[in-house]
Amino acid sequence: MRRQTPSILAAKLLPISSSLRPHAVLAAARTSYHHAPATDAHHLLDETPRGRASAIVRALTAFSSTGDSNVVASLHCASLKSGAVLDPPVRTSLLTAYARARDAAAAQALFGEAVAPDMILWNAAISALTLNRRYVDAVALLRRMARDLGEFDSTTVVVMLSGASRAGNLRHGMALHGMAAKRCLDADHLNLWNALVDMYAKCGDFYSSEAVFQSMPCRDTTSWNSVISGSIFNGLAEVSAWYFKEMTRSIFQPDEVSLSSVLSVCSRLDDLFSFGESVHAFTVKLGYEDTASCSVANSLMTLYSEFGMPEAAEKVFASTLNRNVISWNARIKGLVENERVSEALTVLWEMRLESQPDVATLVTIISGCGDQGLVLEGKAVHGYIIRKGLLHEEPSVGNSLLDLYLKCDEPSRASLLFRTMPRRDLISWNTMISGYSRNDSLRKEAQSMFKGLLSEGLHCSLTTMLAVIPSCSSSEELSFGKSLHSLSLKLGLASELSAVNALMHMYISCGDPLAAISLIERIIPVSDIVSWNTIIVGCTQNGLYKDALEAFHFMHSSLAINPDSITLVSILSACGNLNLQSLGKSIHCMILKQLLASNLRVKNALLAMYFVYGDTTSAELVFYSMGDKNLCSWNCMISGFAQNNKGWRALQFYHKMEDYVPNEISVVGIICACTQLGEYKQGMSIHGHVVRSGLQNNVFISASLVDMYCKCGRLDIAVRVFEGSAEKSIAGWNSMISAFGFHGHGFKSIELFWKMIDSGTKASSSTFIALLSACSHSGLIDEGWKYYCLMSESFGIIPTPEHHVCIVDMLGRAGRLQEAHKFVESLPYQQAHGVWGALLNACSSKSELKMSESIAKHLLHLEPENSGYYVTISNLYAYREMWSGAVQVRNILQDKGLVKPHGHSIVG
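At position 359 of the sequence shown (counting the first as 1) the number is 563 in my numbering, and the numbers step up by one without a gap.
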């Protein structure tokens, strides 16, 4: 006796519940097909064998669309009890039903029990395997069929072609085409021709698909649909539209499949929107706008929503009578994509009256709430999900809620949900890790979550790595970042371009740009614009401007990768910082040539670059040539003029900025302009705007106000502004220390310095410049030396030329020039280079002629083209009434073609 397979035994022994009894199922099938009251199921089983077999086949046909394997198993049990299973149509129907229920094992077992299967059963078995994406097993069964049965028909080839299409196996598809042609199976078999058109298209060979279509002896609607969907599958939107037009000119009328397909492609391409509208009109003409399946109406809603026309989508929705869940989902998704989440929520509540929201509905609406920060509305949807018990159905619902809470800055609620989720998958972990990585204060939690994922034994995917790598963004996290790099190598993910790009960004953020450069050198053949932007932006942010330019040159010349707006913004910044005016202008020309000058970020970067060059004329030309401007554009002009000591122009632009409300950057820029001009009243007016706008607590604005009031002689107001600041920045402390010193209150500067240290604010290099300058202005020589030494001994700050200049200035004011000279001589050559000029100024103010001449000769040897040194020594001769020497120096200045620096005054 043949041993029966477990699936068949399961069918025989399956407990038959009241809802799955064979008699009840058969009666329901009879009701479904004959629309008559169900007779007693016992009578159905008491019918003749032929009648029983027909009843079971009808029931299988009726219930196979449900995909419920329990129903199929119950009918299988009934056919076993009645003996109808021996009837070939019943066996074939059972096998097909198991296949549609995605139970390929049961289908195979049923086929294995057939003693002498006919061609129909063989084809059904092969179809079951292809339907369940078991193409390799289907090929093996085809070979067995050819060996055992000795033949196959066109249906066999059609079934196998569908399998090759699903598997994307072009080589097998071509072999099947050859077999069919050899046996003349394609002579007049339309289904086979259609299957060939579909197979070639789905396997990426649309040229062959078109060739088959053009050579078909006859066509039907399916033929046209196959070539239209095939062109869409291969990304040929315009081609699909052309075939649709040709179809309308043929004898075949487009059906719902044709219309839905062409409308879907119209929604993806801007150039086809007007064509989509004409298809809509054609749809109305044919009467397909409102059909039982709603597929056309749903496609129309998607079309209008994609093009930002939710009102038109609403009209289509309102005119659709036979709405289904997909219709509601299309409407909700369209509103969410157009950032009208509140309206989408209203539609969701209306939907509950007609249809039960599914997983897609809820995920879409939750995603919209998360993107717009609507946490209260998201919580309401969460409550609905809990009441309906939907968290147990699909992890995707819970995952979307996790993403919502993380985006709305409620990580504790996300953590609670994660711990209590009934079903979690890798996406759940990835969502938590990614959300924590985006939050600066939760990066350590992201890393702990990642370690927890590994301890759970879950597979670490590329998405997981891309989620956790951004959690490393400082030098303290470099070690963990390196361990992630090692793990990605171990898992074979380091060859993925997205992973390499993320690792490069990580190394740059953690202060190791050389490691990032080493990485890109290994992936040059497959690198993309994201790879090079990561390097270029990273180098620019770390002050490696030459490296950024070299990377840009190699990318553009050797790899022929065209720069985008991100590349150009960084490169323009690098050109500005290196003062490479010629290169900057060349890049400006390239931007105009490649039509990238319309990008607002690029135009603003051009403004900033020209202001760094001091070329305010070119900056103005760029500004006035800009069609679109934003607040950043105006801020560039205000700050740029202020940086170039043209405060009056900055004020002019500030007053012209009528369409925009000034922000923190605008205010800081205009306060700096007022400081330059000594515009005390204008500065007070800006201060009033700051208070009215609630910007007084901004640390940069308060520091700028302190600096302005100090330099305008109102130390009393500066102190009030500083003391009233809710948060005191290092810039504010530095401004106040400098202000006290500028007004001769050196001891107050020192007292304020220690208050700053006691408050927990860390002193910077600029702090000591302010403090040493205060000592210099107040004549506190001993204190100045003390803090100069403390700077490196107690605070770990290495003195820079600016600090050395302060010491020279301090000693020069006190007349201790010999001491200042010895101090400069004791400095290393690299640091002393810029300090000799300060000593020359100190000597000139004390009329030390011999020392001045000696220093001047030394400086002119170092910088023979520096006109300032000639002017200083000439003024010294004039001060000593040594007019011949003064004239001689001035003549040398003129002979060299050097220009005396222009003086300026704030007095009109």
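Here a beta-carbon is modelled for each residue, glycine too, at the ideal position from N, C-alpha and C. Source: prediction; values computed, not measured.
By the C-beta criterion, the region 561-578 is judged to be in contact with the region 532-541, since at least 3 inter-stretch pairs fall below 8 Å.
Glu442 and Phe477 have their C-alpha atoms roughly 12 Å apart. Taking Arg472 as the centre and dropping the five residues before and after it, the same chain places no C-beta closer than 6 Å to its C-beta.
Taking each of Leu396, Tyr828, Gln457 in turn and checking the Cα distance to Thr425, the smallest one comes out for Gln457. When C-beta atoms of the region 897-906 are compared with those of the region 876-884, fewer than three pairs fall below 8 Å, so the two segments do not count as touching.
Judged by DSSP secondary structure, Gly917 falls outside any alpha helix (DSSP H); it is assigned neither H nor E. Comparing alpha-carbon positions, the option among Asp986, Gly964, Cys993 lying closest to Phe972 turns out to be Cys993. Put simply, the region 629-642 touches the region 604-617. At least three CB pairs are less than 8 Å apart. Only residues of its own chain outside the window of five on either side were considered, and among them Gly602 have a CB closer than 6 Å to the CB of Met625, listed in chain order. Distances from the CA of Glu868 to each of Phe815, His891, Met794, Val704 were compared; the closest alpha carbon is that of His891. In this structure, Asn634 places its C-beta atom within 9 Å of the C-beta atom of Ala671. In the structure shown, the three-state DSSP call for Thr965 is coil. In this structure, Ser713 is the residue among Val469, Ser713, Ala801, Asp732 with its C-alpha nearest to the C-alpha of Ile673.
Taking C-beta separations shorter than 7 Å and ignoring five residues to either side along the sequence, the partners of Thr1004 in its chain run Ser969, following chain order. For the pair Leu772 and Ser731, the CB atoms are not nearer than the 9 Å cut-off. Only exposed fits Asn526, as fewer than 16 other CB atoms lie within 10 angstroms of its CB. Distance check between His596 and each of Asp629, Glu581, Arg337 places Asp629 closest, using alpha-carbon atoms only. Spanning the alpha carbons of Ile1002 and Gly685 requires a straight line of approximately 30 Å. Apart from sequence neighbours up to five positions away, the residues of its chain that approach Lys952 with a beta-carbon distance below 6 Å are Phe944, ordered along the chain.
Taking all protein chains shown into account, Ala332 has 16 or more neighbouring C-beta atoms within 10 Å of its C-beta and is therefore buried. Considering only Leu346, Trp736, Thr296, the residue with the shortest C-alpha distance to Leu763 is Trp736.
At a Cβ-Cβ threshold of 9 Å, Ile775 and Phe758 do not count as neighbours. When only Cα atoms are considered, His981 and Ser790 end up about 46 Å apart.
For Gln900, no alpha helix (DSSP H) segment is defined, and its DSSP state is neither H nor E.
Cβ-Cβ distances below 7 Å link Asp409 to Leu374 in the same chain, with the five nearest sequence neighbours on each side left out; the list follows chain order. When the alpha-carbon of Asp459 is set against those of Asn429, Arg295, Trp852, the nearest one is in Asn429. With a beta-carbon spacing of about 5 Å, Met830 and Lys807 fall inside the 8 Å limit used to define contacts. The Cβ-Cβ distance between Glu883 and Gly917 does not fall below 9 Å. Ranked by how close their Cα comes to the Cα of Ser604, the residues Val579, Ile590, Leu578, Leu566 have Leu566 in first place. Relative to Leu440, the option among Arg453, Ser454, Met420, Lys406 whose CA is nearest is Lys406.
The C-alpha of Met710 lies about 19 Å from the C-alpha of Met636. Annotated three-state conformation of Gly572 is helix, per DSSP. Here Thr667 has Asn634 as same chain residues with Cβ atoms under 7 Å from its own Cβ, once five neighbours each way along the sequence are excluded. Where Cys836 is concerned, the enclosing alpha helix (DSSP H) starts and stops at 835-847.
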